[in-house]
Amino acid sequence: MEVELLRSMTKRPATLRYPFERAQPVEGLRGKPVWDMEKCIGCGLCQRDCPTRAIEMTGRGRQAEFKVYYDRCAFCAQCAESCPVGAITMTQEYELAAFEHGQMMQEYRRTRASSSPPSPSSQSPPQEK
Amino acid sequence: MKALNEGDAEATSTFQIPLGPQHPALAESESFTLTVDGERVVDASLRIGYVHRGIEKALEAGTYIQNLYLIERICGICSHAHTFCYSQNIDEALGIETPPRARFLRTILMELGRIHSHLLWLGLAGHEVGFDTLFMYTWRDREAIMDLQELITGNRVNFAFYTIGGVRRDISGPTIERIKKVLKVIRDRMRYYKWVALNERTFLKRTVGVGILRTEDALRYCAVGPTARGSNVKRDVRKDDPHGAYDEIPFNVITYDGCDVASRTLVRIDEILESANIVEYALDHLPSGPIRVKVPRSVPPNETISRVEAPRGELFHYLKSNGTEKPERYKVRTPTLANLASIRTMLVGGYLADVPIAIASIDPCFCCTDRVTVINEGLGSREVWTLDRLRKYAEDWYRRR
Amino acid sequence: MEFASFQTILQITIFPGIAFVIVLSLFLQWLSRKFYARLQNRYGPLHTGLAGFLQPLADLIKLLSKEDIEARTVYKVPFRLLPIFLLTIPLMATMYVPMAEPFKGIVSFEGDLVFVIFLLTLYAVLVFLAAWSSGNPYSILGGVRTAMQLLGYEIPLAIALLAPAIKAGTLSIGGIVAWEGRNLPFILLQPLGFVVALVGFMAELEIVPFDIPEAKTELVAGWQTEFSGRKLALIRLSRDVELVFVSSLIVALFLAGPAGPSPIPPIFWFLVKVIAIVFIVSNLKALFARFRIDQMIRGSWKLLLPLALLQVAIILLIP
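Just so you know, the sequences run in chain order F, R and B.
Just so you know, the first sequence maps onto residues 1440 to 1568 in this note's numbering.
Just so you know, the second sequence maps onto residues -19 to 381 in this note's numbering.
Just so you know, the third sequence maps onto residues 25 to 343 in this note's numbering.
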């Protein structure tokens, strides 16, 4: 055992010094889900299947608008799976903390040109290394 | 807690120590009351129910698809076992056959989960006996498995991998190579830990002859999992009731006959090595084909049960469906509940210093366990209580204390 | 009545007295934590100050500023006074150990070795009193275990510490260091005694594998359970100062104290040797699991005591 201890001293420590060192997110990491309103047909299946009631849809069809509560989201990706047109993608963003509940809600709606910009959160996403 | 023996005419030589509900030795809240005489434990009594979250009731309020994710969160460590059991249960209720590739993938993830759970336990066991170095090392090695799970499923815990009718993601060639590489590292580390468990004298002094559960007691108190297998009871749901792909993969059921904490440690270490073999065999023999079948949203009226070998023992789910999208009744009986009865035999007659490691040796997962059916021994009655009644009872009880 | 000279007061309060000892104790705590962490493949304290250097100070300040809760069942007078006494005793004991130039402690007299051993025992007795005054079953059990552990290690430790005195023919620590300067350090002459003394001191300091009285997973915090805020800060500091004292005593008795080749000041040699002892202790801490109290006592009487007696026998038989 002593040999193991001394050998550990020569190896680099196993700790990552977050936030200076970050683990690279793997491909397929279930991070924050985002809605592509161009593709959305307003069927409501995502809202129906969400286990935590994090998705609120108002309106139907092409006029549907979403309020997504990321503090309720369990990142299970059931919405992405249920969506028949693939309008929801799970990004690799996992640093989603905020100081207040209100800051964790995001709205999605169709504008004439493209989907709406995200409402301001308290921290901008850090630069990817 | 009344002050000790202040002018008691009949000062007894025993006194009671509470272990819990909050205690550094216990990862979750449970209350053990130990009656000790000096350092020897004379009696032990247990109260559970502190982590009761009303999950079974919540399951009745969600659809089968939504419940997948609630079931995942019954426990963080054996999350995969619960979802496996659940999806198997609903598959059974729907009467569908999962495709072979899905069954193999389910088994692979189940065994990876077993490796990570046993490594976690090994660290905890080290911590309980004051061997923090073992704790740090095993949890560092566990990171490799967590990263693997993240690669396969998209998350380190709460995999959302099992679904009704199969699994949600497939694994590709590079991932398979990665898994094999990590398994090789794990095997080397486990051989080292086995050497430590068999040779490190201070560790042996704390685990050999401690927490004795004789074979007849293990059978009488219905112990399951490594707790039973450490007492020479050859009971393993993977062999007794094959699920997933276990009937197509050859493996050994590990038993040791020491009946003490050291045996249970060795059972778990060997099981990790065995699991690594199972995963490799499954990867080599992975059948091709679809990974899931399409399932209807409502389940016809049916009553089904499903059992899997969770890392802690036999996990048992019961479903009663009524033709709608939501289950009528869902019951979960976890292995820790079955093992709790054995704790008392292990503690009584031993030393106080052995209590944490003895409790830890059944690998208690109390958050899995606390779905309460109150058995009032004095009245000989058995009833299921609503939350209101439980709350009132708790208030009265604490007021009387 | 004579008052102490100004120089003595300066020595007692600053160098190598109270201020120096407290700073050294925080430094050694940092060193010990970093080394222990590296053995376990992790970093240890990291961000406070350069490489976490200020972490022990930060912990001390944090504890001093926390709320000091007293349960209703404590016996107020001992509970409040004992942390102060627990800090004072090791501080006082370090006054007798040579750390710098004159190769004797700030205060020294013939027989101060015995006095210092007595102070160690007094510390353990006060720990038991602290536990008893807390009125908490975890504390009482911790205190009882401390007392039991004291019964185990005290006699072998005292014998191992007196062995150098027998050879050197003096009971003054400064005298022993002077003898070592003229001859060989006792670690070479009495390796068995060194090992017994080291083990005994680890039991005294309640370091793994002997941290039974404050076994975190068994007794919450053992005898320290009820103390919080300032009292806990004083107790933690007293443990660190005890580590300084114990290391410097071993260095004085077995490694020739501050003696060393001449152009480099003796305080530097002293520090090097003390750091070496701290490394050895941290290594042993990482290597072992915790003993059970009955195993520890059985081991002390069956193993430590005979070894200590054997060491004395060797000294007396071999001139």
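Every residue, glycine too, gets a C-beta built ideally from N, C-alpha and C.
Please read these numbers as outputs of a predicted model, since none were measured by experiment.
| Query | Result |
| --- | --- |
| Contact list for phenylalanine 312 of chain B against chain R, beta-carbon separation under 7 Å | Thr182 |
| Chain B contacts from the region 1449 to 1474 of chain F (Cβ-Cβ distance under 8 Å) | Lys1450, Pro1452, Ala1453, Thr1454 and Arg1456 |
| Residues of its chain near arginine 167 of chain R, where Cβ-Cβ distance is below 8 Å and the 5 sequence neighbours each way are ignored | Leu253 and Ala256 |
| Every unbroken alpha helix (DSSP H) within the region 270 to 322 of chain B, with a cutoff of 4 residues, ordered by chain | 290 to 311 |
| Beta-carbon proximity list for isoleucine 1494 of chain F, same chain, < 7 Å, skipping 5 on both sides | Cys1485, Gln1486, Phe1505, Val1507 and Cys1518 |
| Nearest neighbour of aspartate 343 of chain R, chosen from R/Ala73, R/Gln68, R/Pro315 and R/His32 [CA to CA] | R/Pro315 |
| Own chain partners of glutamate 357 of chain R with C-beta closer than 6 Å, once the 5 adjacent residues on each side are dropped | Annotation note: pLDDT 42 at glutamate 357 of chain R (below 50); position unreliable, no value reported. |
| Contacting residues, own chain, Cβ-Cβ under 7 Å from alanine 202 of chain B (five flanking each side not counted) | Phe127 |
| Within chain R, partners of proline 233 of chain B - CB distance below 8 Å | Gly110 and Thr182 |
| Where histidine 425 of chain R falls, given that 16 or more other Cβ within 10 Å makes a residue buried | In the structure as shown, chain R begins at -19 and stops at 381. Residue 425 of chain R is therefore absent and cannot be evaluated. |
| The region 101 to 110 of chain R / the region 41 to 58 of chain B touching (three or more Cβ pairs under 8 Å) | no |
| Chain-ordered residues of the region 69 to 82 of chain B with a beta carbon less than 9 Å from chain F | Leu70 and His71 |
| Within-9 Å CB hit, methionine 116 of chain R to chain B | yes |
| Whole-number beta carbon distance between valine 121 of chain B and phenylalanine 292 of chain B, since they are thought to touch under 8 Å | With a Cβ gap of about 17 Å, phenylalanine 292 of chain B and valine 121 of chain B do not count as contacting. |
| For asparagine 282 of chain R: DSSP bridge partner residues | R/Ser301 |
| Residue-level contact to chain B via CB, glutamate 10 of chain R, 9 Å cutoff | no |
| Proximity below 9 Å, CB of arginine 260 of chain B to CB of leucine 84 of chain B | yes |
| Minimum Cβ-Cβ distance from valine 312 of chain R to chain F less than 9 Å | no |
| Reduced DSSP category for isoleucine 271 of chain R - H, G, I as helix; E, B as strand; rest coil | coil |
| Beta-bridge pairing of serine 29 of chain B - partner residues as DSSP gives them | According to DSSP, serine 29 of chain B bridges with nothing at all. |
| Residues bridged to isoleucine 1527 of chain F (per DSSP) | F/Trp1474 |
| contact_flag[the region 84 to 97 of chain B, the region 250 to 260 of chain B] where n(CB pairs < 8 Å) is 3 or more | yes |
| Bounding residues of the alpha helix (DSSP H) (the contiguous stretch that carries phenylalanine 218 of chain B) | 215 to 228 |
| Contact with chain B by phenylalanine -5 of chain R, beta-carbon distance below 9 Å | yes |
| Proximity test, Cβ basis, 9 Å: proline 40 of chain B and chain R | no |
| Counterpart residues of alanine 24 of chain R in DSSP-defined beta bridges | R/Leu14 |
| Alpha-carbon spacing of valine 147 of chain R relative to leucine 85 of chain R, whole angstroms | 7 Å |
| Tyrosine 261 of chain R, enclosing alpha helix (DSSP H) - first and last residue | 241 to 264 |
| Bridge-paired residues (DSSP) for glycine 293 of chain R | R/Ala290 |
| Integer Cβ distance of proline 233 of chain B from alanine 337 of chain B, believed to fall under 8 Å | At roughly 27 Å, the Cβ-Cβ gap does not stay under 8 Å, so proline 233 of chain B and alanine 337 of chain B are not in contact. |
| is_contact[glycine 134 of chain R, chain F] using C-beta, thresh 9 Å | yes |
| For leucine -1 of chain R, the first and last residue of its enclosing beta strand (DSSP E) | -6 to -1 |
| Any chain B beta carbon closer than 9 Å to alanine 185 of chain R | Here the sequence assigns lysine to residue 185 of chain R, which means alanine is not the residue at that position. Closer than 9 Å to some Cβ of chain B, the Cβ of lysine 185 of chain R qualifies, so yes. |
| Those residues which DSSP pairs with threonine 143 of chain R across a bridge | R/Gly146 |
| Beta-carbon spacing of valine 275 of chain B, glycine 284 of chain B below 9 Å | no |
| With 16 other Cβ atoms within 10 Å as the buried cut-off, status of glycine 29 of chain R | buried |
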